[in-house]
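One structure below.
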Amino acid sequence: MIARALHQSMARIAPAIFLPALVSALAAWNVQAQASLFVPSPGGPVKVGQGPGQVILADLNGDGNLDLVTQHLLARQVNVLLGDGHGHFAPAPGSPRSFGSMPGAIAVGDLNHDGIPDIVAARADQDSVDVFFGEGTGRFNQVPGSPFVADPAVTARNKRALFLVDLNEDGNLDVITANGLRSGFSVLLGDGHGGFSPGPAERISSEPDSGFHFFAFGDVSGDGHVDALTVINGPPSGTGRGLLVVQYGDGTGAFHASAQLPSPLPVNPRTLALGDMNGDQRLDVVLSYDDGKLAVLLNQGDGTFTPAPDPPYDLASHDVGLLVTDLDGDGTRDVIAACGSNLKVLLRKGQRLVPAPGSPYRAGPGAWFTAVGDIDNNGRVDIVSSSFEADVVNVLLGPPRP
-13 MIARALHQSM ARIAPAIFLP ALVSALAAWN VQAQASLFVP SPGGPVKVGQ GPGQVILADL
47 NGDGNLDLVT QHLLARQVNV LLGDGHGHFA PAPGSPRSFG SMPGAIAVGD LNHDGIPDIV
107 AARADQDSVD VFFGEGTGRF NQVPGSPFVA DPAVTARNKR ALFLVDLNED GNLDVITANG
167 LRSGFSVLLG DGHGGFSPGP AERISSEPDS GFHFFAFGDV SGDGHVDALT VINGPPSGTG
227 RGLLVVQYGD GTGAFHASAQ LPSPLPVNPR TLALGDMNGD QRLDVVLSYD DGKLAVLLNQ
287 GDGTFTPAPD PPYDLASHDV GLLVTDLDGD GTRDVIAACG SNLKVLLRKG QRLVPAPGSP
347 YRAGPGAWFT AVGDIDNNGR VDIVSSSFEA DVVNVLLGPP RP
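For the sequence shown, position 363 matches number 349 in my numbering, and the numbering has no gaps at all.
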């Protein structure tokens, strides 16, 4: 009798106690799910062909929508897909573009001042670049005289760096190409018509076994000239500390070593990216390490960089691709880390990097490259990332602003 009465009493009381709690929990879960900063695009993932690597967003046909360029090392191709402004992409005329050699890296920019983006592709097995003018339809044609030789030395190593910047400040884009296992980089100076001539070749280290090199370029000294930053991974044994080397650009295409000694780094630094992480109008360094740590080095304005006061963030990934930009529209620089199987988005909040709502986001397998832009024209930053093993590009859309 007592047990039956207790059961009946609990049956009357339980809904009053547990139902509101259940409703509250479901509502909280729903809010959390809806609050994800990025959501998969209905038009993704985008099939792009075998083994995509680098991915670039640019309006190639002048319709106001961002299009997609992907690099395919093993397939010896560059693929171009045109965006519809709603997150969908379709192959452009003449795509994919096949190469006689493996394209080790690609870059997009207007090389001949016609308002139409062009494509540069560095050859993986030699220090030369192929240049293609855009027609404005998504089709590209090889420039006469291409490929252009940046350095006569031939190395059977994949390019790990290709940059388009105006080094000699003549208003024309120049080319910087580098090999991750060589201790320097080469410069090709552009003439504004699609032609290039060799510029200075820069040596970083005289040691042949100094390890992998990772590069970034930007004005870190604040003098208006493009500077070069090189992270040296250490000897191939993986036991040595890394170095951050700063070389100041002089506005002619040449670089000069900083008066400061190279900044020592912990063991096995990897990729780096530049961005003003503390709002002092100086470019800082965001750096990943083999142990999965992500650190911010603050620019002191004198050629040196010191660790930020917040501790390194643990990405739980040994190898990442980094991109620094403002992702949530608050005016501060955030970080995207492509970690092979997912994307980790870190927002700058005060002095710390914190995971964005919904992060990490599914990507990969083989997601090492990302790009950002407003793909669906809603005023928010969107993200694309290549998946090397799945032969696709994943698309994440940022929800429209309220």
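Ideal placement from N, C-alpha and C gives every residue a C-beta, glycine not left out. Bear in mind that the values here come from a model prediction, so they are computed numbers and not experimental data.
How is the beta strand (DSSP E) around residue i delimited, first residue to last?
i    : result
D296 : It is not in any beta strand (DSSP E) - D296 carries neither H nor E in the DSSP assignment.
L333 : G326 to K335
S373 : D368 to S373
T390 : The question about residue 390 has no answer here: the residues shown for the chain are numbered -13 through 388.
I92  : P89 to G95
R125 : From DSSP, R125 is part of no beta strand (DSSP E); its letter is neither H nor E.
D270 : D270 to Y275
S172 : G170 to G176
P77  : F75 to P77
N380 : V378 to L383
L251 : S249 to V253
P31  : It is not in any beta strand (DSSP E) - P31 carries neither H nor E in the DSSP assignment.
Here's the rule I'm using: 16 or more other beta-carbon atoms within 10 Å means buried, otherwise exposed. How should residue i be labelled?
i    : result
S372 : buried
L313 : buried
R348 : exposed
A19  : In this prediction, A19 has a pLDDT of 43, which is less than 50 and means its spatial position is unreliable; nothing more can be read from the coordinates.
E375 : exposed
T292 : exposed
D209 : exposed
I357 : As written in the sequence, residue 357 is Ala, which differs from the Ile given in the question. Per the 10 Å Cβ criterion, buried.
P415 : In the structure as shown, the chain starts at -13 and stops at 388, and residue 415 therefore has no counterpart that could be examined.
P255 : buried
K330 : buried
P413 : Look at the range of the chain in this structure, -13 to 388, and you will see that residue 413 is not part of it.
K335 : exposed
P89  : buried
G69  : buried
G315 : exposed
L59  : buried
G326 : buried
Is it the case that the Cβ atoms of residue i and residue j are separated by a distance below 8 Å?
i    : j    : result
F134 : F85  : no
N47  : T123 : yes
V378 : I361 : no
L339 : G73  : no
N65  : G35  : yes
V306 : T257 : yes
A91  : A78  : no
T216 : N154 : no
S81  : L67  : yes
F171 : A147 : yes
G131 : P103 : no
P252 : V25  : no
V232 : M263 : no
N328 : P343 : no
A136 : D113 : yes
R268 : G287 : yes
G265 : V310 : no
F126 : I105 : yes
V94  : A164 : no
Q337 : P298 : no
L301 : V272 : no
I218 : G204 : no
G235 : D213 : yes
Identify the residues that DSSP records as bridge partners of residue i: which are they?
i    : result
Q286 : In the DSSP output, where bridge partners are listed per residue, Q286 has none listed.
A240 : None, per the DSSP bridge assignment.
Q233 : A214 and A243
T356 : S371
H58  : P38 and Q63
A202 : L215
D104 : G95
G265 : Note: G265 sits in no beta bridge, so no partner.
T318 : Its beta-bridge partners do not exist; DSSP assigns none.
V129 : Looking at the DSSP assignment, V129 forms no beta bridge with any residue, so it has no partner.
G69  : F75
E188 : F171
P341 : L332
With a threshold of 7 Å, establish whether the CB of residue i neighbours any heavy atom of the ligand ATP.
i    : result
A110 : As presented, the structure is devoid of all ligands, the ligand ATP included, so that no description of it is given.
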